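Chains as they are written, first to last, in the working numbering: chain A, 1326 to 1536; chain B, 63 to 230.
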Amino acid sequence: MESIDNLIDSLAMDAAPLKPAPHPLQLSLGWTAAAALYLVVSLWLSGLRPDLAQKLQETWFFAELAALALLFVATSLSAAVLAFPDLHQMRRTAIAPVGLFALFAAILFFAWRADVPPAPLPVHSFECTISITLFSLLPAAWTFFSMRKFASTHYHWAGSIALLSAFSVGALWLRLHEVNDSIVHVLLWHYLPMLGIGLIGWWLGRKLLKW
Amino acid sequence: MKLSLGGDQRAYAQLLQASARLLRPFLAKRLNSASEVDDLLQEILLSIHKARHTYDGERPYKPWAYAIAKFRLQDHLRAHYADQLHHAIELSEVENDLPENVTESGMSYESISVEVEKLPPKQAAILQLMHQEGYTAKEVAEKIGMKESAVKVAAHRAYKILRKVLER
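Okay, structure coming up:
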């Protein structure tokens, strides 16, 4: 008991004025703005797919992009909430990506059903996964770096969601850049690796966000 | 907490005291010994101090403090059970010894002290303190500034080495 009193005294002596952490919405907004800027600059350098205007007229392509963008926003917000010990008392926001993943999967299913006759598979395959991963490295690094300043008590989930958020920016970039109409290819080499990325994020969360 | 974030040391000390009063029964319900409760409570107070910038004073304080307490408690229990598993002895490890008299080994610390001295210095020191001078693992840990679990692991490794040497 005496040692606890001593500890409290020494901690109180150490209590200098401190700036509270920003609200998760503000934090997420910063990450989203940075990612949007990164995406715009990257697309400006790498170029948009030439048939983008025409493709955007297609319902399922547009729905896929919209869902992916929403997924990015939701994962970014969820990662910001997960960076706080008490989830900033916004538990529903933390689990919001689950619903959006379900919506995204449903849209991909309908896009696959609508792909009749199936568009030819491109000659490349895993190169897309590598491109998305490389593109995602920078947003992943800044998200993790930023999250380390907080105190996550759900570091596994926080790592997973943060990496999925970064990966969704990469997936969005490739979908806007690459001329490819095969939904099977997109499913196999763009989106299915998200499962692996989630697991890597789970592991990275333990390594980088444990405090 | 709002006042303490502004640097008010008295308000902060009062908040930590109130947190300790709040969390002690929570921990006491879940842990066996009073010393364990005290150790973990200190760790939680340190965590609250370290994470205090993540609390803005606008939302209820208790859920925030309990979230940190639960997090540290889970960590503690995970480490505790991992330690127990690490030290659990497989039946296969001892089945060769079962027909023998296991209560009287006829072996004293003095009879193997030469082998003990050949161990890495830290392991030798731990065995000497535990088996020659009669300290418990916890007391040895305090004496040489290591964690109790680390002392047990070092002793376990030393036993393994000694067993190999003595079986030759």
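Just so you know, even glycine gets a beta-carbon here, dropped at the ideal spot from N, CA and C. Here the structure is a predicted model, which is why all the values come from computation and not from measurement.
- For D1330 (chain A), the secondary structure class from DSSP, reduced to helix, strand or coil, is helix.
- Between P122 (chain B) and Q1351 (chain A), the gap from beta carbon to beta carbon reaches 9 Å or more.
- Between D1330 (chain A) and the set B:A203, B:R134, B:R225, B:L103, the nearest pair of CA atoms involves B:L103.
- In the three-state reduction of the DSSP assignment, A1341 (chain A) falls in the coil class, being assigned neither a helical nor a strand state.
- In this structure, G1526 (chain A) and A1487 (chain A) form a Cβ contact; the two beta carbons are roughly 6 Å apart against a cut-off of 8 Å.
- Annotated three-state conformation of S175 (chain B) is helix, per DSSP.
- Linking F1451 (chain A) to R1500 (chain A) through their CA atoms gives a straight-line distance of about 15 Å.
- P1464 (chain A) and P1345 (chain A) have their C-alpha atoms roughly 24 Å apart.
- When secondary structure is reduced to three states using DSSP, H1348 (chain A) falls in the coil class, being assigned neither helix nor strand.
- By the neighbour-count definition (other C-beta atoms within 10 Å, threshold 16), D1411 (chain A) is a buried residue.
- For the segment 98-121 of chain B, the set of residues with a beta-carbon nearer than 8 Å to any beta-carbon of chain A comprises D100, L103, Q104, L107, L108, S109, H111, K112, A113, R114, H115, T116, Y117, D118, G119, R121, in chain order.
- Chain-order list of chain A residues neighbouring P182 (chain B): empty, with the shortest C-beta distance near 29 Å, by a criterion of under 8 Å.
- Linking I106 (chain B) to A1392 (chain A) through their CA atoms gives a straight-line distance of about 41 Å.
- Not flagged as an interface residue toward chain A: Y221 (chain B), since no C-beta distance is shorter than 9 Å.
- Residues of chain A whose Cβ lies closer than 8 Å to the Cβ of P125 (chain B) are, in chain order, D1411, Q1414.
- The DSSP assignment places no complete beta strand (DSSP E) segment of no fewer than 3 residues inside the segment 1463-1533 of chain A.
- The C-beta of D1339 (chain A) comes closer than 9 Å to at least one C-beta of chain B.
- If you compare the alpha carbons of A:S1493, A:A1419, A:V1448 with that of L1364 (chain A), the shortest gap goes to A:S1493.
- Excluding the 5 residues flanking it on each side, L1529 (chain A) has same chain C-beta neighbours closer than 6 Å at G1484, in chain order.
- Residue contact check for I130 (chain B) against chain A: a CB pair falls below 9 Å.
- It is roughly 14 Å from the alpha-carbon of K91 (chain B) to the alpha-carbon of H138 (chain B).
- Identification of chain B residues near T1478 (chain A) by a Cβ-Cβ cut-off of 8 Å yields A129, I130, K132, F133, ordered along the chain.
- Out of A:L1489, A:P1518, A:F1409, A:T1418, the CA that lies nearest to the CA of R1473 (chain A) is found in A:F1409.
- When Cβ-Cβ separations below 9 Å define contact, A144 (chain B) makes no contact with chain A.
- Taken through DSSP and simplified to helix, strand or coil, S1450 (chain A) comes out as coil.
- Rounded to whole angstroms, Q190 (chain B) and D100 (chain B) show a C-alpha spacing of 29 Å.
- DSSP, read as helix, strand or coil, puts D137 (chain B) in helix.
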